[in-house]
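Below is one structure, written out as structure tokens; comments come after it.
In my numbering, the protein residues as written are 233 to 469.
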């Protein structure tokens, strides 16, 4: 089957724009996320209109989901468990209480300052709850902070991403379905987080156990095995 040229061009332009943003950010010594956002807006349909993600159809969601899982995994690899234990209480508070405060505060700010309807205001707030390693990581590389503070921010950035993603889906379901049961949706949120944690922890232990004993695997092949296992656990979760 012939691949439409528009989709080929979309992927090429996206990759070129992303790399160009990274190079420019490195040259100017600013966080890469700044130019990634600017380039994304610039090549998008609202400005130059050269990149149209809708050409991928449902495939866009699949591609984004797979690469977000990869980014979160990479962010988690950078965390030092020994240092993470020293700030575990603060991370817990940021992921739980901090999420709730941001959701409520962001919703009220969007409603009263942005004049959004309440449902849309809280949907917006659920989206800005997330920080994420793609934002925190580049910032920490540019700004010198205490190692404990850096560990706290890195840990929160990795752990808040799945919570924020599921929270956004939860709020969206409430907005789209006025008769939806909030308690049932909250229960679904807890179940998803619980199942994801169990599958991730179990799969990670099995993967680590296997790699330690598979001495015949080269470093390159081991990396591919990790990638396959990562996406396998993501699909299972």
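Don't be surprised by glycine CBs; every beta carbon is placed ideally from N, CA and C.
query	result
C-beta contact flag for residue 364 and residue 303 at 9 Å	yes
Segment limits, alpha helix (DSSP H) that includes residue 370	365 to 374
Residue burial classification, residue 323 (beta-carbon count within 10 angstroms, cutoff 16)	buried
Sequence-distant residues of its chain with Cβ nearer than 8 Å to residue 420 (five each side left out)	402
Closest Cα partner of residue 455 within the set 306, 293, 382, 313	306
contact_flag[the region 344 to 359, the region 372 to 391] where n(CB pairs < 8 Å) is 3 or more	no
Limits of the alpha helix (DSSP H) - the one that residue 343 falls within	331 to 344
Completely contained alpha helix (DSSP H) runs for the region 277 to 329, where each covers 4 or more residues	291 to 309, 313 to 318, 320 to 325
Distance between residue 271 and residue 277 (C-alpha atoms, nearest Å)	12 Å
Residue 384 - containing alpha helix (DSSP H), residue span	379 to 408
Classification of residue 240 by the beta-carbon crowding that lies within 10 angstroms, buried from 16 upward	exposed
Inter-residue spacing [alpha-carbon to alpha-carbon] between residue 238 and residue 280	16 Å
At least 3 beta-carbon pairs within less than 8 Å: the region 324 to 333 vs the region 346 to 353	no
Contact check, residue 298 vs residue 242, beta carbons under 9 Å	no
Which of helix, strand or coil DSSP assigns to residue 238	helix
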